[in-house]
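Respectively, the protein sequence lines represent chains A and R.
Using the working numbering, you'd call the opening residue of the first sequence number 7 and step up by one each time.
Using the working numbering, you'd call the opening residue of the second sequence number 13 and step up by one each time.
Even glycine gets a Cβ: it sits at the ideal position worked out from N, Cα and C.
Keep in mind that this is a model prediction, so the values were computed, not measured.
Following: one structure in structure tokens, then a few remarks.
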Amino acid sequence: MIEIQQLVKRFGSKVALDGVTMQVESGSVFGLVGSNGAGKSTLLRTLAGVFRPDGGNILMDGKTPYENSEVKGRTFFVSDYPYFLPKATLQEMSLLYRSTYPHWDNSRYESLCRTFGLDAKGRLQNFSKGMQRQAALILALSTQPDYLLLDEIFDGLDPVVRQLLKKLLAEEVSQRGMTVVIASHNLRELEDVCDHVGFLHRGGVLMEQELDSLRLGIHRIQAVFPALPTPEQMQALDLVHWETKGSLVTMVARGEEEAILETLGQWNPLFCESLPLTLEEVFISEMEAAGYDIDNILS
Amino acid sequence: MTSTTSFRNFLREWKVLYVWNLRRSRGMSLLYFGLLLLAGPALTFLVCGVSSFPERILGNIVPTNSGLSIPLTMIFTLVFAIQRFSYMHNKRSVDLYHAMPVRRGSMLLASWSASLTGLLLPLLADILLLLLTNAWFAKGAWYNIPLESILSYFGGQMFMAAVCLTFCMLMAVCSGTVMDMVISIVLTNCSFPLVILMVMLLGSWLLPGFDGNYSLTLITALAPFPAMVIAFILQGGLHFNLFGAYYSFPHDSLPLFWGWWVLLFVVMLVASFWLYVRRKSESAENDLAFPVPKVLLRFLCSAAVGLLAGMVFFLVNNDTVSFFIGFLLFSIMAHAVAEALYSRGLRRFVRTLPSYGVMVLCVVALYLSAATGFFGYDTRVPQNVTQASMQCYDLSYQSNDLSPEINPLTLLSAENEPLARRDSVQMKEPENIKIIQNIQQELLHLRKPEGSPLYSFCTGGVEAAITYETPQGNLVRNFRYYNTDTRRLHELGQQLVNTSEWKQQSLPYVIDPQGIHKLYINTNTPLYTAGEYEYTENSIMEDGEVEYAETIIDPYHIEFSLTKEESKTLLGMLQKDIEAGTALEEITQSDENLSISLDASAKFRLTEDSPWYELVPEKVGEWVYQSDGLSFTATPRMENTYTYLQKLIDSRAGGNEK
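Here it is, written out as structure tokens:
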């Protein structure tokens, strides 16, 4: 289990992580979502032991990862731009990881090479962006990590490889109980693979929830009322978004669907229905509620 | 138990990365070895092959090859440092390295030790090949190369390579980018020696009594790359001849040099690891991980360039204002250049001006402290002075060149080993020591312009040295002054020369007459009349005809040998004239004056009545000789000497009439 308590990370005067507190259960796939500069990559690097926290604590199975070879030996971090040694081949990189990671599985490495179909003797620098990510994944999964930290892993992967990745992650999680933390802006892909999500905004955790309860806990309602109410009059609802187009009101509200519809029923709507929200829509709504000036950005 | 396991893990992590790093740098090591091979054994093999005297080349095989390989070692130290430490300067590579299950200490140690191995192994192979080359040409006598020579030259070079690599590692840890690392390495190695030289020069120009400590150890104290060359020079000896010129390093000693670098090596090594463990990964691609080197180097660069320019400006215009104008103009430019190099622009230039101001204040403080005597350095006279001596070229006029300070005399063994030396007149009487102190005060007075509380620059002029001896050690002060108003100084000099203590130590008293074998006399009036040419029998031709050598007779010059008795009498006459004071009077030009040179370099057996006896009593009965003799001007006022010389001239001029 990963426990993050009041984690602070500063870069000079800029606070990248400002008291982040959350938990990632073992054997779960945790999606880290957030605006640009929210601190997702910083959080992953701190989890990987690359960055030293300026405050707070990270515990992975009760141990801090920074300068802890034992924890790092069970963790693998694939950064947003995977790095390979100059002029190295996949084969050469595997030699480095084989000698440093205690749980390296060579048969797994060879089988993954076959699955992804990469040339292990080709220079990694000459690989495409997607192929480099595949190479990084092969190396990562071959180390048999207990914690796999992936930063923007879906970028550059073709749809087939994306599906393959999801499948491989699902297998590792179910078979070995591997914990995965994925930071990504590709919410569509996260929706498929994650069971938990955490929204990061301006260095803090906006919300952290199980994906299913997140979906069930926020609803988009479209309704037409005989007399158009104002958002202030809807104080009984936990409104996240309110928009009117003529007499049609579109709102996003937190809470149970029945309770929301019951509250709206008091205003005798001419028409009222609940629509499912995608993770992306939930994200946008939450961001807007957190003060992210979405209208201004999109206009 | 925990610490043992931890240490084992540390070693395991180190070993894994060490082997990995070694494998990654083997190409560069091979290249280095190839170049060493060309510069050393291959070149030696080639030259020995075509030389008629290969043994001459083989005799210097170790220092020559060490000297040739030093530039290569320097270049490859930098190359290895860039290759092996640049991982910490790239954000992406930091993600890889710092996420690996390897502690930072083991990671840095692995990079350092692998680089060191890559640097030293080719050097070791180079030595081995040198020995084989030597064996080839010296017909198996490879053991002729002394082991201590290999140890001192190549051992020194290897150690300095390790020091340079460690220095590069420290700079790498402190830097955020490879370029910053290289800039820091280059600037430190250039600016530090320059700053020390400039400070020493400024001090010797400004502070009376200070002659600068031009110790190579000090000059390169924080510049390991030049120090590698200095190590090579010092291994060759603290005195040596190069193309006929004699060099010596009186301020250096090998134990001090090596002691300092061993200490600094340990400090840099510990500091590198201490800092690296605390270094933030996010420093990669940033300006600097730790700002101290940048601030220090900007300081050093601006100070070195500013002082150099200030001194050039002073030499051109000969006034202090020019010194400061040159200093300010060039130091701000050097500061801007250093800032532009580090920050890739001048956006933050204004913010760095306070640190520039600190440097200016330091230089002004240095100037003021030197110009006011450096907290009493100028006037300092130690307690319990047992004896004092004074060396000044001006005094030679007052002592008629009879001072051993002006014409030092050395006693050497028959094997040319120096046994004793007379190069100073030691004043032990308190009143005479007081005269020397008064001379010191006068020398200080000469350096202060009328009404000014500050000493002025003095870049040339007359040199004078005062040495005070105490039971705790010697205090030496070297002065410089312009010969403008030196009346008072000359009076004091005359007082000194006329003390009986001084007279008793003048050359005629300390020279052994047994060593005198020739007298040379020059004068402005003819000593005798003679034909224009003198013919001497040179050789007899086959037909029996005699060939004569033709020599131009010079009636203004005469030289002849002296018997021991004559030598003793001549010195006795001189001593009488010294006691009478006539030998130490200021010389007035006259055609009657005789310029005398006594060659006292003949070998003799040391006796108990020799003036040297008190210095080397154990050498009685041994063959010795004196390095030189004495020269002086005999004036008619020196009645005893002059009369005796006339007598000698008359006896030697032979048939020639005056």
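From the options, residue whose alpha carbon lies closest to that of residue i
i, options, result
"R/H457", "R/L424, R/G79, R/N419 and R/L501", "R/L501"
"A/D198", "A/R221, A/M184 and A/R208", "A/R221"
"A/S307", "R/E578, R/V328, R/V628 and R/K103", "As shown, chain A starts at 7 and ends at 305. That puts residue 307 of chain A outside it, with no answer to give."
"A/A2", "A/Y72, A/G62, A/G40 and A/P92", "Because residue 2 of chain A is not part of the residues shown, which for chain A are 7 to 305, the question remains open."
"R/W273", "R/D390, R/V333 and R/F237", "R/F237"
"A/E106", "R/S161, R/L23, R/A315 and R/I242", "Before going further, note that residue 106 of chain A is Thr rather than Glu in the sequence given. For the residues R/S161, R/L23, R/A315 and R/I242, the minimum Cα distance to A/T106 belongs to R/L23."
"R/Y494", "R/Y405, R/Q247 and R/E634", "R/Y405"
"R/I195", "R/N330, R/R116 and R/E351", "R/E351"
"R/W26", "A/I10, A/L102, A/G43 and A/E294", "A/L102"
"R/A233", "R/T145, R/I599, R/P205 and R/A346", "R/P205"
"A/S47", "A/R226, A/A229, A/E216 and A/G209", "A/G209"
"R/F616", "R/W635, R/V114 and R/S468", "R/W635"
"R/T391", "R/L487, R/S512 and R/W514", "R/L487"
"R/T511", "R/T581, R/T496 and R/M439", "R/M439"
"A/R51", "A/G40, A/I64 and A/L91", "A/I64"
"R/S401", "R/A476, R/H529 and R/R290", "R/A476"
"R/L132", "R/S41, R/P267 and R/L606", "R/S41"
"R/T535", "R/G527, R/F469, R/H101 and R/I661", "R/I661"
"R/F491", "R/P465, R/G505, R/E454 and R/L504", "R/E454"
"R/A382", "R/P303, R/Y99 and R/L466", "R/L466"
"A/I10", "A/Q29, A/E279, A/A22 and A/L96", "A/Q29"
Listed by chain order, chain A residues near residue i by CB distance under 7 Å
i, result
"R/M112", "K78 and T106"
Proximal residues of chain A, C-beta to C-beta of residue i below 8 Å
i, result
"R/E294", "F17 and F57"
Interface residues of chain R facing residue i [CB-CB closer than 9 Å]
i, result
"A/Y87", "K103, R104 and D107"
Cross-chain neighbours of residue i in chain R, by beta carbon under 7 Å
i, result
"A/L102", "W32"
Residue(s) in a DSSP beta bridge with residue i
i, result
"A/G24", "In the sequence as displayed, the identity of residue 24 of chain A is Asp instead of Gly. Answer is A/V14."
"R/A432", "R/L423"
"A/G61", "A/V14"
"A/V30", "A/I8"
"R/H569", "R/N534"
"R/Q403", "R/A477"
"A/F83", "A/L155"
"A/G37", "A/I188 and A/V203"
"A/K69", "A/M66"
"R/R617", "R/W635"
"R/S187", "R/L300"
"R/T575", "R/T575 is not bridged to any residue."
"A/T95", "A/R129"
Listed by chain order, chain R residues near residue i by CB distance under 8 Å
i, result
"A/F83", "D107 and A111"
Near the ligand ADP: residue i beta-carbon under 7 Å from a heavy atom
i, result
"R/P205", "You won't find the ligand ADP in this model; it holds no ligand whatsoever."
Interface residues of the region 45-74 of chain A facing chain R [CB-CB below 8 Å]:
Here the close residues are R51, A54, G55, V56, F57, R58 and E73.
Check distances from the C-beta atoms of the region 112-143 of chain R to those of chain A and list, in chain order, the residues that come in under 7 Å.
Under the 7 Å Cβ criterion, the region 112-143 of chain R contributes M112, P113, V114, R115 and R116.
Members of the region 16-37 of chain R that neighbour chain A once the beta carbon cut-off is set at 8 Å
Hits within the stretch, in order: N21, E25, V28, L29, V31, W32 and R36.
Contained alpha helix (DSSP H) runs [length at least 4] in the region 474-519 of chain R, N- to C-terminal order
List check, alpha helix (DSSP H) in window: 499-509 and 512-515.
Pick out the complete alpha helix (DSSP H) segments inside the region 196-261 of chain R, 4 residues or longer, and give them in chain order.
You should have 228-231 and 236-247.
Tell me the start and end of each unbroken beta strand (DSSP E) in the region 195-281 of chain A that is at least 3 residues and wholly inside, in chain order.
For the region 195-281 of chain A, whole beta strand (DSSP E) runs of length 3 or above, ordered along the chain, are 202-207, 210-216, 224-230, 244-251, 254-260 and 277-281.
Give, in chain order, every unbroken run of the alpha helix (DSSP H) that is at least 4 residues long and sits entirely within the region 143-193 of chain A.
Within the region 143-193 of chain A, the complete alpha helix (DSSP H) runs of at least 4 residues are 165-182.
Counting only runs that start and end within the region 112-184 of chain R, where is the beta strand (DSSP E) found for 3 or more residues in a row?
Counting only runs of 3+ residues, no beta strand (DSSP E) is found wholly inside the region 112-184 of chain R.
Complete runs of the alpha helix (DSSP H) confined to the region 630-667 of chain R [at least 4 residues]
Counting only runs that start and end inside the region 630-667 of chain R, the alpha helix (DSSP H) elements of at least 4 residues fall at 651-664.
Segments assigned beta strand (DSSP E), at least 3 residues, entirely inside the region 284-338 of chain R:
Runs found: none.
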